[in-house]
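If you're matching positions, the sequence shown starts at 2 in my numbering and goes up one per residue.
Yeah, the Cβ is synthetic: ideal placement off N, Cα and C, and Gly gets one too.
Here's the structure, in structure tokens; my notes come after.
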Amino acid sequence: MTRSPPLRELPPSYTPPARTAAPQILAGSLKAPLWLRAYFQGLLFSLGCGIQRHCGKVLFLGLLAFGALALGLRMAIIETNLEQLWVEVGSRVSQELHYTKEKLGEEAAYTSQMLLQTARQEGENILTPEALGLHLQAALTASKVQVSLYGKSWDLNKICYKSGVPLIENGMIERMIEKLFPCVILTPLDCFWEGAKLQGGSAYLPGRPDIQWTNLDPEQLLEELGPFASLEGFRELLDKAQVGQAYVGRPCLHPDDLHCPPSAPNHHSSQAPNVAHELSGGCHGFSHKFMHWQEELLLGGMARDPQGELLRAEALQSTFLLMSPRQLYEHFRGDYQTHDIGWSEEQASTVLQAWQRRFVQLAQEALPENASQQIHAFSSTTLDDILHAFSEVSAARVVGGYLLMLAYACVTMLRWDCAQSQGSVGLAGVLLVALAVASGLGLCALLGITFNAATTQVLPFLALGIGVDDVFLLAHAFTEALPGTPLQERMGECLQRTGTSVVLTSINNMAAFLMAALVPIPALRAFSLQAAIVVGCTFVAVMLVFPAILSLDLRRRHCQRLDVLCCFSSPCSAQVIQILPQELGDGTVPVGIAHLTATVQAFTHCEASSQHVVTILPPQAHLVPPPSDPLGSELFSPGGSTRDLLGQEEETRQKAACKSLPCARWNLAHFARYQFAPLLLQSHAKAIVLVLFGALLGLSLYGATLVQDGLALTDVVPRGTKEHAFLSAQLRYFSLYEVALVTQGGFDYAHSQRALFDLHQRFSSLKAVLPPPATQAPRTWLHYYRNWLQGIQAAFDQDWASGRITRHSYRNGSEDGALAYKLLIQTGDAQEPLDFSQLTTRKLVDREGLIPPELFYMGLTVWVSSDPLGLAASQANFYPPPPEWLHDKYDTTGENLRIPPAQPLEFAQFPFLLRGLQKTADFVEAIEGARAACAEAGQAGVHAYPSGSPFLFWEQYLGLRRCFLLAVCILLVCTFLVCALLLLNPWTAGLIVLVLAMMTVELFGIMGFLGIKLSAIPVVILVASVGIGVEFTVHVALGFLTTQGSRNLRAAHALEHTFAPVTDGAISTLLGLLMLAGSHFDFIVLLCGADSAHAPGPPPWTRAAACAAVHPGPAATGDTDVQGKPRGPESTSSTGRRA
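What follows is the structure in structure tokens.
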């Protein structure tokens, strides 16, 4: 017997679906989408039943497979190289880096070790003798570092970068110069005599004290050695470099120092120097011409008077340059000091790394803690060490996070009814997801995907939060099986109802992370691919292995055993409930959706036609909802057998017999049904919700206009480390970046000189380029080379005019005149290489300032060999390097006159300094200007590209927003297609995509209001948020779509049966992400904060209200499953069943 339909719910003509619905579907009488969805659900039903039958085997094989994959973690490789992490693979920057390393072997010609000093009291002037004295103390301590490796002692003088050591024919003088030649140290101390103390070289001459830079006067030394050796060429070299008296002619910071030389300007007056005046305009190394350190390299936070005079500064910076590993290897290869240790480039790298670590340690400990100044030391090696250390998996954080998740899963699934509790299922589900995450990461390691800090510190928690969502969904659905479902079909029925949601969310999550892989940053691309693989492994575990766990737990519950402690029986299982008939006074039976509130008297008889026993209610009894149900008939499911009703009553009485506390009856589903849904589904509540979130969308669109691009280097360095403190101080006080304009091969340098000069001029005119001092020529190899040729031409002209050089002899001329003589007679013809008639008919540099093309490469050979200081100052880094050629003015043989030409250049560079780069817009403007200059030069035939850290780390912003929009659009389209394919309802798929788009816009707008800048990291968050949002959107939409009744009824059912799993999933995701808040990386904390704010997606009431207000589906019918039953999570049967 069927029930009377409730009031205001079903039309008079309504008839429940017959049991022959499945044949009707198969016969094609219903729509094809319904048939396809039913077919898919049938597959899920069969899968669930198969897993339940063989749950032990499935669990064993699943754990075995996932455990085997997890062993792949032993092959994981952690990448800490910033270039490998942040330079786009296959981009022009990557190709340019490859070209540089192909030609030079490595990008940098030297490595920089930095000391940065600031006052502990912010804003204090640091230009005082006392502050510089503390800087000297720290720099001196760092410069004396020694490390012992391979049985040798390595100090700064052995491994530092030395700028252009000259080649001297006199062996004794050459050895002395090699020991004395100073390291390149850019320091404000070079303005004073104390700068010499940082140079550790020394030499010995008989009858003199040890020669050091603190007591070396080069002019005086050459005069003393003049009678014993021919040093005319060396003297000219020093004169050209403007060495003068070197350090002994500079003022002393502390004139009362006993070692302050008498030649110091303030030695006799004993007055402390005016530090600001001495540092104005910068400082010089031992060479005034080639070693000029500009103010911006030495001082930070400068303040000037109206006339431009330096008054004060807030930071000092010293930079020690070391050789690169290859340079150090080449320097000592074949040397007597390394012939017995099997010297290699790897050993050279180890020596440099050990020295740098010790340098940073001693420099930071040089000043006492109570000093008025503080020292920040920086080394690329220690930065790599810290990145590697913090990129390791934090066992404490992982264990803590997973224990927190275990506790939450266990507590949220415990029930007062011990036999119905699922605490052990929650524990097993979290452990299973943890194993799936480990197996996914192991698979990534086997596939060769490198790990990084984002992988080790973010992914384990993010994947745990996402994976546990589906665990909660299946566990909640498993306890809400339809009445009368056979025990052996419980798992099949559960997957039939919820499997579609799990498949949809997992596929969309994988698609989201795969779309995030379109972001061309290697670190984030690797993270996205790993996340997609991990989500895939979690999906397999939840769909195959977790149902086996639920099936085993079903046996425990069927046997009425305790949760977790399954060896003990439940105290509720021993109680027997007796139900007695009771007379009803008014003949009414109050009924609720989940249970009856009164006992009814039933009549049982045997039906002759079918020999079945049928239990019916009295005809005069009618059913009314209890007054406590706010929705009343709206939530009453139409139809149902009388046995179902009595079965529900019996179940309710059995539960009541366990004497559970009143508070234990409350749960999220109860709240959603009795408090939340009635309030939300009122017409004015719907309107208010839609208006509020429409306003939020409009506000977010405005916030989106406030989002700026940017990512500080401090965000990718662990917070709280000394390297982070250094970078923070440097970012505040020093905004200079060393860059280079690289010219490639493929064009003729000799015939493209004008284009090269034009390229340099265009690049120098960029706003961000720091111009050289007005008294200094441009610091490029082509200018140095041309100026040197003009110098020796002038010397030749003078010697020719005075008769010291003639057509047949140059021995009486100067060194420069002799060099010009040899260059002028070169023809470049292998048959007749010399032509003496050209001595007076040609010039080394023509009137237009260009070098004759036929002399270009031969002159380059002479310049490189004769002007090492100028070559080093130019930082040309020629490849192929010009051949070595020694000039001997007194050798007049034909071989000495012939000059071998250098090979055509394939690599050279012009150095520049970029200043004022604080915001990302400044970097982008500088990059665009540099690229435009190179593109214009390319039209003139010159192949060039800019090189340096701004182009490595900031060029991504040129196309970042385009990549973001492309990824989001593709993902939304993929989400629509997947939802439309599995739900076979384009309207629902469109509504889901609309909500996801709104979520993305709102999150982007929140970034603008919070001041979070857009970089590759937030882009990954934004793209991944679409997939995470699907986790919470699809469940509600699918619950609405698969429930019978009016819009309000379907929305209420969707809320009632998805509110609890969606809330549990949101909290679990939030818990997983909150564990990231303890990360030392600011960009990970940023990811945590943004994703935590977004984790639950738009609230369920937004989606439910939207479904109820917008969904165009039929008002009184819902989709049916393959058996012809309504597929609401807890709908009752719509046909009378016989008992």
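Within 10 angstroms of its Cβ, does residue i collect 16 or more other Cβ (buried), or is it exposed?
{"i": "ALA933", "result": "exposed"}
{"i": "PHE837", "result": "exposed"}
{"i": "LEU636", "result": "Its pLDDT being 41, under 50, LEU636 is placed unreliably by the model, and the measurement read from it follows with that caveat. Classification of LEU636: buried, given that the 10 Å Cβ count is 16 or more."}
{"i": "TYR40", "result": "exposed"}
{"i": "THR841", "result": "exposed"}
{"i": "VAL1063", "result": "buried"}
{"i": "SER610", "result": "Caution is warranted here: a pLDDT of 47 is assigned to SER610, below 50, making its placement in the model unreliable, and the coordinate value is therefore given only provisionally. Exposed, because fewer than 16 other Cβ atoms sit within 10 Å of the Cβ of SER610."}
{"i": "ARG812", "result": "exposed"}
{"i": "ALA903", "result": "buried"}
{"i": "GLN365", "result": "buried"}
{"i": "VAL1", "result": "Absent from the structure is residue 1, since the part of the chain shown begins at 2 and ends at 1140."}
{"i": "VAL1020", "result": "buried"}
{"i": "SER753", "result": "buried"}
{"i": "PRO326", "result": "buried"}
Residue i and residue j: beta carbons closer than 8 Å?
{"i": "VAL535", "j": "LEU442", "result": "yes"}
{"i": "ASP847", "j": "PRO853", "result": "yes"}
{"i": "ALA247", "j": "ASP218", "result": "yes"}
{"i": "HIS1058", "j": "GLY1046", "result": "no"}
{"i": "LEU117", "j": "ALA316", "result": "yes"}
{"i": "LEU128", "j": "ARG313", "result": "yes"}
{"i": "ALA705", "j": "GLY1009", "result": "yes"}
{"i": "LEU1023", "j": "VAL969", "result": "yes"}
{"i": "GLU297", "j": "LEU728", "result": "no"}
{"i": "GLY1", "j": "THR921", "result": "Because residue 1 is not part of the residues shown, which for the chain are 2 to 1140, the question remains open."}
{"i": "ALA408", "j": "CYS975", "result": "no"}
{"i": "LEU702", "j": "GLY1006", "result": "yes"}
{"i": "ASN878", "j": "ASP889", "result": "no"}
{"i": "GLY1028", "j": "LEU767", "result": "no"}
{"i": "PRO461", "j": "HIS255", "result": "no"}
{"i": "LEU137", "j": "LYS198", "result": "yes"}
Check the C-beta distance from residue i over to residue j and give it rounded, since I have them as a contact under 8 Å.
{"i": "GLU1032", "j": "ASP470", "result": "5 Å"}
{"i": "PHE1", "j": "ALA741", "result": "Here the chain comprises residues numbered 2 to 1140, so residue 1 is not present and cannot be evaluated."}
{"i": "ALA1017", "j": "VAL520", "result": "5 Å"}
{"i": "SER950", "j": "TYR738", "result": "6 Å"}
{"i": "GLN362", "j": "GLN114", "result": "About 12 Å separates the two Cβ atoms, so there is no contact after all."}
{"i": "ALA464", "j": "VAL503", "result": "Actually they do not touch by this definition, with Cβ atoms about 15 Å apart."}
{"i": "VAL88", "j": "LEU961", "result": "Rounded, the Cβ-Cβ distance is 14 Å, inconsistent with contact."}
{"i": "GLY746", "j": "LEU906", "result": "7 Å"}
{"i": "LEU845", "j": "GLN794", "result": "5 Å"}
{"i": "GLY286", "j": "PRO183", "result": "7 Å"}
{"i": "ASP1065", "j": "THR413", "result": "6 Å"}
{"i": "LEU45", "j": "GLN497", "result": "5 Å"}
{"i": "LEU299", "j": "LEU311", "result": "Going by Cβ atoms, the distance from LEU299 to LEU311 rounds to 11 Å, so no, they are not a contact pair."}
Tell me which residue opens and which closes the alpha helix (DSSP H) that residue i is part of.
{"i": "ARG932", "result": "921-940"}
{"i": "GLU224", "result": "219-226"}
{"i": "HIS761", "result": "754-765"}
{"i": "ASP889", "result": "Neither: ASP889 is in no alpha helix (DSSP H) and is coded neither H nor E."}
{"i": "TRP789", "result": "782-803"}
{"i": "ALA524", "result": "523-541"}
Counting along the chain, where does the beta strand (DSSP E) carrying residue i start and finish?
{"i": "LEU312", "result": "311-313"}
{"i": "PRO207", "result": "Unbroken run through PRO207: none, as it is neither H nor E."}
{"i": "PHE291", "result": "From DSSP, PHE291 is part of no beta strand (DSSP E); its letter is neither H nor E."}
{"i": "VAL740", "result": "738-745"}
{"i": "THR320", "result": "316-324"}
{"i": "TYR946", "result": "945-949"}
{"i": "VAL148", "result": "147-150"}
Does the segment 60-77 touch the segment 546-555, meaning 3 or more C-beta pairs lie closer than 8 Å? Of all C-beta pairs linking the segment 546-555 to the segment 60-77, three or more are shorter than 8 Å, placing the two stretches in contact.
Do the segment 512-528 and the segment 431-439 touch if we need at least three Cβ pairs shorter than 8 Å? No, the segment 512-528 is not in contact with the segment 431-439.
Within 8 Å, do at least three Cβ pairs link the segment 131-144 to the segment 340-348? Touching, no.
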